[in-house]
Amino acid sequence: MIPHILLQIVVVPVVASIVIFLTRSILGKKAGWITGITLIYTTALLCVAGLRVYRGEIIHEKYPLGPEVSLNLLADGLSLPVALIINLICTALAFYSIHYVDHRIEVIYGEVDKKTWLIYYTRFFFLYLFFPAGFMGVSFATNLISMYFFLELLTIIPLYFIMAQFGYSDYITRYKVALICLFWGVAGATLFLIGVLLAYTQIGSFEISELKNLAGNPLTFWIALLVLLGMATKLAIVPFQVWMPWVHAEHPTCIAGLLAVYANIAAYVIVRVLVLPLHEDMKVFCLPILIFALITMVYGSFLTLAQSDVKRFCACSTISQISYSVFGIGALTIWGIEGGMFYFLSHILGKAILFSTAGILVYVTGIRDMRKMGGLWSKMPISAVLWISAALILSALPPTSGFVGKWILFGGAFRFAMHENIALPIVIVGLISTILTLVYTFLTAIRVFFGPLKPEVSSDNIKDPPLTMSVPLLILAVIALILGVYPKPLLALLHSVIGLL
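So in the numbering used here, the last one in the sequence shown is 501, and the numbering has no gaps at all.
Here's what the structure looks like:
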């Protein structure tokens, strides 16, 4: 048996990050490969842990840090699949970044000497490894202060500095957008912290397992509202969506998929912190959550249809897609919650592929305006397959994971509507709105990859990128296909926890 398996999954990326920082002058371009290999190792650990959990074991590691704060870690049927899928995405995008970061340094800083190049290149991967560490910490944490720490770790360290130094636009705009990202991230985490501290005054503990003692407490409504508002800022639910198009579109594309994970993981936090321990108290929020999720679905879809910038297109679609997970969770039925969590994992797979393919288009053509693209299938067939794969996943067409997620979450939403007739038209409109995703993903695919070849992209230099960029994305597409064809193991894991409701 592997000792401290969950602690290793959280800490090993931090150790690798420190090693890269201390040996940056020696490692050079090997920093990218070390990052990828490190995450392959933690993914292997997650697979081992996953087999144990699938067999019915719950892994609970205790690491007390003080009287009320701990680094206790829990792997069960909910946290384990979330951590595994996220870590797979982190691994894929680490290999994708090896060439992409080199390209970004050249575009932003031009021809630089070897020492300067080395500083920027190793700095990216030093910062990158904080993403998987933070994501794993949020997934496995059993202590609310630890969870807050990992949420802030994701906000303050990698997002700000990577955006500021490797993002798009000019120098001043990059730092402005990085500050937007920082302020919104801190605002959401602060609202979460205020809710946590208010809960502590009532139960005298920061452990998530003790939150059930808040059931029926008059202050529970306000505690839940604060946490929901904090997570809504990260989920970009209307009216908290204003940061998403700016931040998501201007981040370097090699981590844009991780920014989608950063926003989506708030759905997991809501389920873990509020829905599971306080299911009855959360029922007062059902209709408001469904209404705001529906507004966000429709608004995000029409906003996406209006875009001509390929990166902003992907950013705006994230606003719409996240809200489907929230919609399912908001129904508070077992099917709705399980479907919402399944679709959350499907969405981040599809969005990592879509956004990274958009990055490939910019990397190869140097163009962000989709009106100047067309006919690229003949020059970039692998990239076209990747875009269409992502479109299939996000449009929830069989046999992809997106179809399974939306089928279950809307099934759960209709079961809720059977008891609350006022919710029935909301659920029906939500189901109809899924057509908009089909329209904007495939309409864009036709615009970019089919039709006559546009003069702006007719150069002989335009071709599919190196395999280290495309193969990891193809692997993610295969995973989404497997989950669509054979979802039973993942659904069984989710049901082992959520089904207890």
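A virtual CB, placed ideally from N, CA and C, is assigned to each residue, including glycine.
Here the structure is a predicted model, which is why all the values come from computation and not from measurement.
Enclosing beta strand (DSSP E) for His60 [first to last residue]: Here residue 60 refers to the residue found at position 60 when the sequence shown is read from its first residue. Unbroken beta strand (DSSP E) run through His60: 59 to 61.
Nearest-angstrom beta carbon gap, Ile462 and Val364 [assumed within contact, 8 Å]: Start at 1 with the first residue of the sequence shown, and residue 364 comes out as number 364. Start at 1 with the first residue of the sequence shown, and residue 462 comes out as number 462. Yes, Val364 and Ile462 are in contact; Cβ-Cβ is about 6 Å, under 8 Å.
Short Cβ contact (8 Å threshold) for Thr201 with His248: Counted from its first residue, the sequence shown places residue 201 at position 201. Counted from its first residue, the sequence shown places residue 248 at position 248. Their beta carbons are not under 8 Å apart, which means Thr201 does not touch His248 by this criterion.
Three-state secondary structure (DSSP) of Glu250: Mapped onto the sequence shown, residue 250 falls at position 250. Reduced to three states, the DSSP call for Glu250 is helix.
Inter-residue spacing [alpha-carbon to alpha-carbon] between Lys506 and Leu361: Residue 506 cannot be examined here, being either before or after the span of the chain that is shown, 1 to 501.
Which residues DSSP lists as bridging Pro64, in chain order: Within the sequence shown, the letter at position 64 stands for residue 64. Ser70.
Complete alpha helix (DSSP H) runs within the region 263 to 338 (minimum length 4 residues, chain order): 286 to 305, 310 to 330
Euclidean distance between Cα positions of Ile479 and Ser301: Taking the first residue of the sequence shown as 1, we reach residue 479 at position 479. Taking the first residue of the sequence shown as 1, we reach residue 301 at position 301. Going by the C-alpha atoms only, they are around 26 Å apart.
Host alpha helix (DSSP H) of Asn87 (start-end): Mapped onto the sequence shown, residue 87 falls at position 87. Segment 79 to 109, the alpha helix (DSSP H) holding Asn87.
Contact check, Val186 vs Ile265, beta carbons under 8 Å: Locating residue 186 in the sequence shown gives position 186, counting from the first residue. Locating residue 265 in the sequence shown gives position 265, counting from the first residue. No, Cβ-Cβ distance for Val186 and Ile265 is not below 8 Å.
Beta-carbon proximity check, Phe292 vs Ile329, cutoff 8 Å: Counted from its first residue, the sequence shown places residue 292 at position 292. Counted from its first residue, the sequence shown places residue 329 at position 329. No, the Cβ-Cβ distance between Phe292 and Ile329 is not below 8 Å.
Beta-carbon gap between Met282 and Val271 smaller than 8 Å: Indexing the sequence shown from 1 puts residue 282 at position 282. Indexing the sequence shown from 1 puts residue 271 at position 271. Not in contact: Met282 and Val271 (Cβ atoms no closer than 8 Å).
Those residues which DSSP pairs with Asp464 across a bridge: As a position in the sequence shown, residue 464 is number 464, starting the count at 1. According to DSSP, which records beta bridges pairwise, Asp464 is partnered with nothing at all.
Alpha-carbon to alpha-carbon, Leu127 and Gly513: Outside the displayed span of the chain (1 to 501) sits residue 513, for which this structure offers no information.
Residues near Ala215 by beta carbon distance below 7 Å, same chain, minus five either side: By one-based count along the sequence shown, residue 215 stands at place 215. Leu278, Glu280, Asp281, listed in sequence order.
Cα-Cα separation, Gly565 to Ile145: Since the first and last residues shown for the chain are 1 and 501, residue 565 lies out of range.
Burial state of Ile172, where buried means 16 or more other Cβ atoms lie within 10 Å: Residue mapping note: residue 172 aligns to position 172 of the sequence shown, counting from 1. With fewer than 16 other Cβ atoms within 10 Å, it is exposed.
Rounded C-alpha distance that separates Thr122 from Thr296: Taking the sequence shown and counting its residues from 1, one reaches residue 122 at position 122. Taking the sequence shown and counting its residues from 1, one reaches residue 296 at position 296. Approximately 38 Å between the Cα atoms of the pair.
Which of helix, strand or coil DSSP assigns to Asn217: Sequence index remark: in the sequence shown, residue 217 carries index 217 (1-based). Looking at Asn217 - three-state DSSP - the assignment turns out to be coil, as it is neither helix nor strand.
Rounded straight-line distance, which links the Cα of Gly134 to that of Leu39: Walking along the sequence shown from the start, residue 39 turns up at place 39. Walking along the sequence shown from the start, residue 134 turns up at place 134. Each residue's alpha carbon lies about 13 Å from the other.
Residue ranges of each alpha helix (DSSP H) within the region 393 to 481, 4 or longer: 401 to 419, 424 to 449
Distance, Leu394 Cα to Tyr440 Cα: Counting from one through the sequence shown, the residue named residue 440 turns up at place 440. Counting from one through the sequence shown, the residue named residue 394 turns up at place 394. Distance between the alpha carbons of Tyr440 and Leu394 is about 10 Å.
Cβ pair Val404, Asp76 closer than 8 Å: Reading the sequence shown from its first residue, position 404 is the one you call residue 404. Reading the sequence shown from its first residue, position 76 is the one you call residue 76. Not in contact: Val404 and Asp76 (Cβ atoms no closer than 8 Å).
The region 96 to 111 contacting the region 455 to 475, beta-carbon criterion three pairs below 8 Å: yes
Cα-Cα separation between Pro81 and His347, rounded to whole angstroms: Walking along the sequence shown from the start, residue 81 turns up at place 81. Walking along the sequence shown from the start, residue 347 turns up at place 347. Going from the Cα of Pro81 to the Cα of His347 covers about 14 Å.
Residue interval of the alpha helix (DSSP H) (run including His4): In the sequence shown, residue 4 corresponds to position 4, counting from 1. Neither: His4 is in no alpha helix (DSSP H) and is coded neither H nor E.
Pro455 versus Leu473 - alpha carbon distance: Position 455 of the sequence shown holds residue 455. Position 473 of the sequence shown holds residue 473. Computed Cα separation, rounded: 28 Å.
Through-space distance from Ile20 to Gly359, alpha-carbon basis: Your numbering for residue 359 matches position 359 in the sequence shown. Your numbering for residue 20 matches position 20 in the sequence shown. Roughly 25 Å separates the two Cα atoms.
Proximity to Thr220 [Cα-Cα], best of Leu228, Ala199, Leu229, Met231: Translated into positions along the sequence shown, residue 220 becomes position 220. The candidate whose alpha carbon is nearest that of Thr220 is Ala199.
Three-state class that DSSP yields for Ala16 in the structure shown: Taking the first residue of the sequence shown as 1, we reach residue 16 at position 16. Reduced to three states, the DSSP call for Ala16 is helix.
In DSSP terms, what Ala352 is bridged to: Position 352 of the sequence shown, counting from 1, holds the residue named residue 352. The partner list for Ala352 (beta bridge, DSSP) is empty, contrary to what the question assumes.
Which residues DSSP lists as bridging Asp369, in chain order: Walking along the sequence shown from the start, residue 369 turns up at place 369. Asp369 pairs with Asp309.
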